[in-house]
Amino acid sequence: MSSPRFRVAICGGGIGGVTLALVLGKYAGQGIQVDLYDAKGGFAEIGAGISIWKRTWFILKNLGLERAIGEIAVRTPVESPQPSFAFKKSDVKEPTEVFWRMISPYGTITVHRADFLKILIERLPKSYGVHFNKRLEHYTQESDEGPITLHFADGTTSQADMLVGADGNKSPTRQTTYKNLSAEAEKQGDLAEAQRLQFFIRPHWTGTYIYRSLVDTEKLLKICPGHPAATVPLVYIGKDRHVVSYPISRGKLVNFGTFISDVGREGEFIDGPMVVDVSSEETIEPFADWEPEVKALLQCSNKYSRWAICQIRGLPHYVSGRVALLGDAAHAMTTHLGAGAGQAIEDAFVLGQLLADELTTRSKLETVLGVYEEIRLPIGNSYVERSRKTGLAYEFNYTPESVLAAGVDPGSPEGLKLLSTFVYDQWSCHWGYMPDKDWERAKEKLHKVLSHS
Ligand SMILES: Cc1cc2nc3c(=O)[nH]c(=O)nc-3n(C[C@H](O)[C@H](O)[C@H](O)COP(=O)(O)OP(=O)(O)OC[C@H]3O[C@@H](n4cnc5c(N)ncnc54)[C@H](O)[C@@H]3O)c2cc1C
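So the sequence shown is numbered by UniProt numbering: it starts at 1 and just counts up by one.
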């Protein structure tokens with residue numbers, strides 16, 4: 001057997017890092033040496049539900065996961081237009097009607113995160129190294145041509161020809177990259193640029209907290225017979241707050257989150273943990289004046305965790321030399337479009353195939369990663385903005401142009417109708433075109449740049 005063309009270190013065994021390993025396994029097999037490092041003692045997903053859309057489904061099918069994931073989804077996914085989230089304006093005491101029901105190809109494919117990750121892990125190529133309890137602190141590179149050295153918290157090191165930071169929104173890979181880029185700008189006397197680059201080292205708070213919980217569907221229906229959250233994905237909107245719920249685990253559980261925002265605080269940095277357990281009172285009280293259906297759902301749980309929603313807006317580079325960022329490390333985003341995991345999977349789909357291409361050799365890695373950045377950065381960053389704007393619109397903190405032009409109250413029936421059109425437009429990126437188009441563009445660019453180098 002011929003020796004591997006180069007060694008890839010993937011830091012982070014979340015959805016993005018594991019998917020990259022699967023794409024490499026499918027397209028490069030043992031032609032590339034792959035080592036995956038994670039800070040935790042084993043593969044684990046925190047949180048509960050995750051929604052999947054047509055673009056992501058396309059990649060999962062490409063990886064041969066259609067059947068396995070279909071089996072853990074609430075409903076067997078079908079491509080024809082299906083009802084997806086139903087929207088209500090619920091910041092009133094009286095019961096309200098659904099004002100809009102989104103229809104999309106496949107509807108919303110909802111799964112439990114742990115089940116989803118398990119399916120990915122089971123398919124990791126056996127020849128790839130998996131290393132747990134390896135918390136990356138930073139990386140170094142002695143020379144332009146030399147290997148990249150990963151430095152872990154346990155004092156050990158490891159080397160590779162390239163590093164992919166799939167290490168989440170606090171990404172130590174991104175931290176190292178942006179500290180280096182900022183120091184370089186400072187060395188060149190560009191202090192303004194040095195300061196701008198510093199901003200990307202840490203993720204910043206959006207001003208929104210999400211209070212997440214899970215409720216047993218039987219319990220919900222016992223307390224509140226016929227509650228629509230048992231079967232229908234819902235978005236309840238209102239000023240500075242909203243609630244999202246959808247069934248998971250084949251309908252046995254309802255996953256939901258309440259969002260509370262103070263938009264003036266966007267851009268602040270969070271010191272301390274981003275996730276904490278909180279009391280039911282803290283979660284339920286802000287919705288005291290909301291419609292009964294929302295209050296009934298919230299009262300079914302006595303276990304809530306509060307997550308500070310953080311983001312990385314407009315990262316200027318996903319790549320530096322032979323180091324690439326992937327998933328939340330590159331484009332941590334708000335949850336309002338249910339897109340973060342899908343975007344991590346898309347990064348993996350494009351990057352994995354670029355690396356697997358037979359023209360990609362160790363000496364070309366920097367050029368190849370440049371193509372990854374050229375294709376993926378505009379898309380990843382645009383999702384961050386779409387998702388942010390969608391959340392602001394749900395909470396009446398952003399008024400779409402169409403509503404302004406009509407001169408109507410955004411909360412009026414006419415305003416809500418226009419809002420629905422705006423929201424649909426934001427969501428439609430999930431099914432507008434398929435990621436194979438991005439890969440085709442990437443492949444074309446790759447062959448163009450490599451034939452000239
Ligand atoms: C409430 C909520 C709801 C969401 N809903 C959806 C949804 O419906 N649909 C959707 O597509 N997305 C959703 N997302 C977003 C999605 O969860 C993330 O975008 C996705 O998990 C990112 O995957 P990742 O692999 O990039 O990062 P992560 O899942 O964060 O994985 C990072 C991995 O890196 C490891 N790591 C971290 N630091 C280190 C270190 N120093 N050294 C080594 N390893 C390290 C971690 O242990 C982890 O395994 C949601 C997010 C939240 C918070």
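C-beta atoms are modelled at their ideal positions from N, C-alpha and C, and glycine is treated no differently.
In this text the structure is predicted, and so the values were computed from the model without any measurement.
Asked                                                                                                                                                                : Found
Using the Cβ count rule (16 or more neighbours within 10 Å means buried), how would you classify Val368?                                                             : buried
Trp307: beta carbon under 7 Å from a heavy atom of ligand 2?                                                                                                         : Among the ligands present in this structure, namely ligand 1, ligand 2 is not found.
Based on the DSSP output, what are the partners of residue 463 in its beta bridges?                                                                                  : The structure shown does not extend to residue 463, since the chain spans only 1 to 453, so no value can be given for it.
In the DSSP assignment, find the alpha helix (DSSP H) that holds Thr258 and state where it starts and stops.                                                         : Unbroken run through Thr258 is the beta strand (DSSP E), Leu253 to Ser261; no alpha helix (DSSP H).
So Leu20 packs on Val130, CB below 8 Å; how close in whole Å?                                                                                                        : That pair is no contact at about 13 Å.
Buried or exposed: which applies to Ser279, given that a residue is buried once 16 or more other Cβ atoms fall within 10 Å of its Cβ?                                : exposed
Taking its Cβ as the centre, do 16 or more other Cβ atoms sit within 10 Å of His204, making it buried, or is it exposed?                                             : buried
Per DSSP, what kind of secondary structure is Ser428 in: helix, strand or coil?                                                                                      : helix
Return helix, strand or coil for Val235, following the three-state DSSP convention.                                                                                  : strand
Which runs of the beta strand (DSSP E) spanning at least 3 residues fall entirely within the UniProt domain "FAD-binding" (303-387), listed in chain order?          : 304-311 and 323-325
Would you call residue 513 buried or exposed, if buried means 16 or more other Cβ atoms sit within 10 Å of its Cβ?                                                   : With the chain represented from 1 up to 453, any question about residue 513 goes unanswered, as that position is not in the structure.
I need the boundaries of the alpha helix (DSSP H) containing Gln175, first residue and last residue.                                                                 : Pro172 to Lys187
Return yes when at least one heavy atom of ligand 1 lies under 7 Å from the C-beta of Cys11, else no.                                                                : yes
Name the two residues that bound the continuous beta strand (DSSP E) containing Phe85.                                                                               : Pro81 to Lys89
If you follow the alpha helix (DSSP H) that Leu220 is in, where does it begin and where does it stop?                                                                : Thr217 to Ile223
Spatial neighbours of Lys170 within its chain, please: CB distance less than 6 Å, with the 5 preceding and 5 following residues excluded, ordered by chain position. : none
So does Ser249 have its beta carbon nearer than 7 Å to some heavy atom of ligand 1?                                                                                  : no
Measuring only from the beta carbon, is Lys118 closer than 7 Å to any heavy atom that is part of ligand 1?                                                           : no
At a cut-off of 7 Å, is Tyr37 close to ligand 1 when judged by its beta-carbon and the heavy atoms of the ligand?                                                    : yes
Which of helix, strand or coil does DSSP assign to Thr206?                                                                                                           : strand
Among Ala356, Ile248 and Ala230, which one has its Cα closest to the Cα of Cys300?                                                                                   : Ala230
Could you check if Asp161 is buried or exposed, using at least 16 other CB atoms within 10 Å of its CB as the buried criterion?                                      : buried
Measure the C-alpha to C-alpha separation of Val23 and Lys54 and round it to an integer number of angstroms.                                                         : 18 Å
Among Lys252, Trp431, Thr76 and Lys88, which has the Cα closest to the Cα of Thr235?                                                                                 : The residue you asked about is not Thr; residue 235 is Val in the sequence shown. Comparing Cα positions, the closest option is Lys88.
Figure out for me which residue from Val276, His151 and Val244 has the closest Cα to the Cα of Tyr394.                                                               : Val244
Is Gln30 closer than 8 Å to Val8 when the C-beta atoms are compared?                                                                                                 : no
Taking DSSP's pairing of strands, which residues face Tyr211 in a bridge?                                                                                            : Thr258 and Arg306
Which residue marks the beginning of the beta strand (DSSP E) containing His227, and which one marks its end?                                                        : Taken as a continuous stretch (DSSP letters only), His227 belongs to no beta strand (DSSP E), as it is neither H nor E.
Among Lys389, Leu404 and His331, whose alpha-carbon lies nearest the alpha-carbon of Arg376?                                                                         : His331
Any heavy atom of ligand 1 within a distance shorter than 7 Å of the CB on Leu136?                                                                                   : yes
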